[in-house]
Amino acid sequence: MSRVRSWMRHDSMSVVFAILAMLLLVFILAPVVKTVFSSSPGTLWDTLRDESVYSSVLLTVLAGLLATLIGIVVGVPLAYLLARRQFRGKRFLEALIDVPIVIPHSAAGIALLFVFGRQFLLGKLFGHVGITFVDTLAGVVIAMMFVSVPFLIDSSKDAFKAVDVRMEKVARTLGASPWQTFFRVSLPLAWRGIFSGSVMMWARAMSEFGAVLILAYYVPFLGDRATVAPILVADRFTAFGLDAALPVASLVILISLVIFVALRYIALRGDKQ
Amino acid sequence: MIKVSSLTVKLGDFSLQNVNLDVDSGEYFIILGPTGAGKTVLLETIAGLHPVLKGTVSVDGRDITNLQPERRGLGIVYQDHVLFPHLSVWENVAFGLKSMKCPRRDLWPRIEKIAELMNIDHLLQRKPPGLSGGERQRVSLARALVTDPKVLLLDEPLSALDPEAREKMQQELAEIHRRLNVTIIHVTHDFEEALSLGDRVAVINKGQVVQVGTPDDIMRRPNSEFVAGFALSRNLFHGNAAGAEDDALVDICGLRVRAQTALRGAVHVSIRPEDVFITREQVKSTAGDSFKGVIAEVMDKGAVIYVAVNVPPRFTCLVSRQAFGELDLKTGMDVYITVRTSAIHVF
Chain L
1 MSRVRSWMRH DSMSVVFAIL AMLLLVFILA PVVKTVFSSS PGTLWDTLRD ESVYSSVLLT
61 VLAGLLATLI GIVVGVPLAY LLARRQFRGK RFLEALIDVP IVIPHSAAGI ALLFVFGRQF
121 LLGKLFGHVG ITFVDTLAGV VIAMMFVSVP FLIDSSKDAF KAVDVRMEKV ARTLGASPWQ
181 TFFRVSLPLA WRGIFSGSVM MWARAMSEFG AVLILAYYVP FLGDRATVAP ILVADRFTAF
241 GLDAALPVAS LVILISLVIF VALRYIALRG DKQ
Chain Y
274 MIKVSSLTVK LGDFSLQNVN LDVDSGEYFI ILGPTGAGKT VLLETIAGLH PVLKGTVSVD
334 GRDITNLQPE RRGLGIVYQD HVLFPHLSVW ENVAFGLKSM KCPRRDLWPR IEKIAELMNI
394 DHLLQRKPPG LSGGERQRVS LARALVTDPK VLLLDEPLSA LDPEAREKMQ QELAEIHRRL
454 NVTIIHVTHD FEEALSLGDR VAVINKGQVV QVGTPDDIMR RPNSEFVAGF ALSRNLFHGN
514 AAGAEDDALV DICGLRVRAQ TALRGAVHVS IRPEDVFITR EQVKSTAGDS FKGVIAEVMD
574 KGAVIYVAVN VPPRFTCLVS RQAFGELDLK TGMDVYITVR TSAIHVF
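Chains as they are written, first to last, in our numbering: chain L, 1 to 273; chain Y, 274 to 620.
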């Protein structure tokens, strides 16, 4: 005991830090755990069978996935360029990419409406090919993408930066074209960072509230109208109170956790090899 | 064979200025210079990895200045090997052959042949992270050599190895060069490495080639203070040459030595420490000069010993451990130093 006491005297910093860290962990974990366990499995199952909940969850997962896939196709090349090339205004561009993270998301929704609304530039352009964004699934997808793609870009950029540029140089001297070099060397070596960035993006997209609320509140989905899960929780709370919102909230948190933990497990398992 | 003409490259703050090199077929060519001299940039530019501002690079008379690196057929090996960590040794070696669309049935025999030559056949199924430094280096060489490159470019290939592995790999490089008769351009900052491997050496400093010659030229006939210093001449003096014909008397800080040179006026004098002999008695000889001095310092380097003798000026002599013991040299002792006229290089 005296040993522990003398250790604590000598390393008061670690003790104070540990106490502060524990307080924070309780702050994070308590609401999550309490919400998840506040509803019995039976209640959760019944909630999921509620058609509006079921289609809302499906809409959220699907739109988030679509946003992430589009994000990968356009975001990974951008991340690669930012990691490899030096050009004027690069720092400004990098700061710009993170703007969606720092602005209020309802304002982001308004901004998107301004560009993708039917009477505005991009809205008109896409209107010609039959894609509209206001109160449609496409609107949910771009709202989610706008606010979450910075996570994918930043994480992919760091992953590419961590790949020794000489790996690519050697590949080129060995006869590989720039395309082959990217797909055979750069991408396989950076995939874990890109993957975890994608998981972050997907998770962030599925939890989006403000931008979706403005641009695509209720959208036609599975022959009915549906809204994303975060909005559904808020709607139930304002319309029917805590008791109605709680099972939906528990379910949404649980689903997010399961997906997140599973994907992190896949990424970390790759780490060990 | 490979010719670099008035090559100028700019990379941020660094630049290569008007570099000219002419490497013969089958030659072991060394590019020697201190860190930051631009050796790696030069090597990578030859490989096609940096845009050229001015000048040309040509191989076998064909201008390849604007050719993509994947179409040049030059192999590169880096100091820290840069193996693809996500691929097995076999896949690393196969990388170039697959890029070249080598037929499947030729893949195995070619890889097996090079694996045997490089003595890595037992490692083919392993992944790079588990290999030792020497093993990685051999895999890296095999990966480059398997594609039969016209020129093998080596960037400090021995620097990352511990002394024992370095010596072994140095012998292996000489062996590969002899057996495959491949042209090699080898970049290093190590003068001794340059001496033992190079047919010819180009000394490079601050982005410019300062001297090209045989290792003996660089060692005994440096053309500048920089080269003499880099070649560890250790006896580098400013002097003043006077006299008639080719026999000059060079005045170094008041000491007059005979030398064979047509230069007159302010000159540099370089004498290698192994060409300065220490004796207890004065040596009378027509082939050289003998001066009396005092031992100022003894630097024990293990196998050899450097003895600084203040005449003045101060000369550094290389003495074998055995001779050091026999002469019973000590600091403060009066000795004679003798230098052959032919060993005095004036520039």
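The beta carbon of each residue, even a glycine, is placed where N, CA and C say it ideally should be.
Consult DSSP for residue i and reduce its assignment to one of helix, strand or coil.
| i | result |
| --- | --- |
| LEU536(Y) | coil |
| THR238(L) | helix |
| LEU44(L) | helix |
| ALA320(Y) | coil |
| GLN273(L) | Bear in mind that the predicted position of GLN273(L) carries a pLDDT of just 46, short of 50, making it too unreliable to give a figure here. |
| THR227(L) | coil |
| LYS274(L) | Because chain L spans 1 through 273 in this model, residue 274(L) falls outside it and cannot be assessed. |
| LEU591(Y) | strand |
| ILE666(Y) | Outside the displayed range of chain Y (274 to 620) lies residue 666(Y), so it cannot be described from this structure. |
| ARG545(Y) | coil |
| PRO220(L) | strand |
| LYS603(Y) | coil |
| ARG9(L) | helix |
| ILE393(Y) | coil |
| ILE551(Y) | strand |
| THR559(Y) | coil |
| LEU266(L) | Leu is not the amino acid found at residue 266(L); the sequence shown has Ile there. Correct three-state label for ILE266(L): helix. |
| THR456(Y) | strand |
| VAL252(L) | helix |
| VAL580(Y) | strand |
| ASP463(Y) | coil |
| ASP573(Y) | strand |
Would you mind reading off the limits of the beta strand (DSSP E) that contains residue i?
| i | result |
| --- | --- |
| LYS327(Y) | 327-332 |
| ALA310(Y) | Run containing ALA310(Y): none; DSSP gives neither H nor E here. |
| PHE17(L) | Here PHE17(L) belongs to no beta strand (DSSP E); instead the alpha helix (DSSP H) covers 12-38. |
| LYS283(Y) | 275-284 |
| HIS450(Y) | HIS450(Y) -> not in any beta strand (DSSP E); alpha helix (DSSP H) instead, spanning 436-453. |
| ILE337(Y) | Per DSSP, ILE337(Y) belongs to no beta strand (DSSP E) and is neither H nor E. |
| ASP302(Y) | Residue identity differs from the one stated: residue 302(Y) is Phe in this sequence, not Asp. Here the beta strand (DSSP E) through PHE302(Y) covers 301-305. |
| GLN622(Y) | Nothing in the structure corresponds to residue 622(Y), since chain Y is present only between 274 and 620. |
| VAL424(Y) | 424-428 |
| LEU347(Y) | 347-350 |
The alpha helix (DSSP H) spanning residue i covers which residue range?
| i | result |
| --- | --- |
| PRO289(L) | The displayed coordinates of chain L run from 1 to 273. Any statement about residue 289(L) would go beyond what the structure contains. |
| GLY210(L) | 210-215 |
| TYR54(L) | 51-84 |
| ILE194(L) | 187-206 |
| ALA367(Y) | 362-372 |
| ASP384(Y) | Sequence inspection shows Ile at residue 384(Y); the Asp mentioned does not correspond to that position. Note, ILE384(Y): alpha helix (DSSP H), 377-390. |
| ARG411(Y) | 406-418 |
Could you check how far apart the C-beta atoms of residue i and residue j are, in whole angstroms? I think they sit under 8 Å.
| i | j | result |
| --- | --- | --- |
| TYR80(L) | PHE160(L) | 5 Å |
| THR534(Y) | THR611(Y) | That pair is no contact at about 19 Å. |
| VAL567(Y) | ASP601(Y) | With 8 Å as the limit, VAL567(Y) and ASP601(Y) do not qualify as a contact, their Cβ atoms being about 15 Å apart. |
| ARG473(Y) | VAL485(Y) | 7 Å |
| VAL362(Y) | VAL412(Y) | 5 Å |
| LEU468(Y) | PRO488(Y) | 5 Å |
| THR60(L) | MET201(L) | Not confirmed; about 14 Å, so no contact. |
Check whether the Cβ atoms of residue i and residue j sit closer than 8 Å, and answer yes or no.
| i | j | result |
| --- | --- | --- |
| ILE349(Y) | ALA320(Y) | yes |
| VAL460(Y) | ILE304(Y) | yes |
| THR166(L) | TYR301(Y) | The sequence given here places Arg at residue 166(L); Thr does not occur at that position. No, the Cβ-Cβ distance between ARG166(L) and TYR301(Y) is not below 8 Å. |
| ASP164(L) | VAL366(Y) | no |
| ALA111(L) | VAL228(L) | no |
| HIS462(Y) | GLY346(Y) | no |
| VAL134(L) | GLY117(L) | yes |
| ASN293(Y) | VAL282(Y) | no |
| GLY223(L) | GLY369(Y) | no |
| LEU434(Y) | ILE387(Y) | no |
| GLY241(L) | VAL149(L) | no |
| VAL57(L) | PRO100(L) | no |
| THR456(Y) | SER298(Y) | yes |
| LEU246(L) | SER12(L) | no |
| ASN513(Y) | VAL523(Y) | yes |
* Asked: At what residue ranges does the segment 98-167 of chain L contain a whole run of the alpha helix (DSSP H), taking only runs of 4 or more?
  -> 99-102, 105-116, 121-128 and 137-161
* **Ordered list of alpha helix (DSSP H) runs contained in the segment 468-538 of chain Y, each at least 4 residues** => 488-493 and 498-503
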